[in-house]
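Numbering (our numbering), first residue to last: 680 to 837.
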């Protein structure tokens, strides 16, 4: 089993890269956007990657209902099948350890200038604008804390 963990801040191109890789490889694809528990949930989702998404026998996650602001349905992930996990919070010491217990791990961090990332993110979803600063603060905390680990590949958005 191969697990690819793709991390980076909003608007850096994580989802685009992950979708391309999933299409080319047939790997299962998990987006942290599907289970962040609300706008203040980055740290909790990061923990969920190691504990739930990479669980050795019953991997999966509770999809987040953004309108109802609660967990909705459980999403199963096929155990033992190669997997791509993308989102800010995907790469941490805990997620790398959990993935290593399952097989091979490839880690990727995508970086880029904040102005360009913000433009890309808000062009994609203008409703994100009121939340940008709050989310960016959590991303910085992740990048300086649990996400501040060596990765196999660093890509830069230009």
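Where is the CB? At the ideal position from N, CA and C, for every residue including glycine.
Collapsing the DSSP output to three states places residue 817 in a helix. Scanning the segment 720–778 for uninterrupted beta strand (DSSP E) segments of 3 residues or longer gives 739–744, 749–755, 762–765, listed from N- to C-terminal end.
For residue 708, the enclosing beta strand (DSSP E) stretches over residues 707–710. As computed with DSSP, residue 795 is found in no beta bridge at all.
The criterion of a C-beta distance shorter than 7 Å is not satisfied by residue 821 and residue 759. Taking a C-beta distance under 7 Å as the contact criterion, residue 687 and residue 789 qualify as a contact pair. Checking the DSSP bridge columns, you'll see residue 687 partnered with 789. The C-alpha of residue 804 lies about 10 Å from the C-alpha of residue 690. Minimum Cα-Cα distance from residue 737 among the listed residues 744, 773, 716, 781 corresponds to 781.
Burial state of residue 808 is exposed, judged by a 10 Å Cβ sphere holding fewer than 16 other Cβ atoms. Residue state for residue 834 is assigned as strand, using DSSP reduced to three classes.
Ranked by Cα distance from residue 765, the options 706, 749, 751 are led by 706.
Setting aside the 5 residues that flank it on each side, residue 715 is surrounded in the same chain by 721, 724, 743, each with a C-beta closer than 7 Å to its C-beta; the list follows chain order. For residue 802 and residue 773, the gap between their C-alpha atoms comes out near 33 Å.
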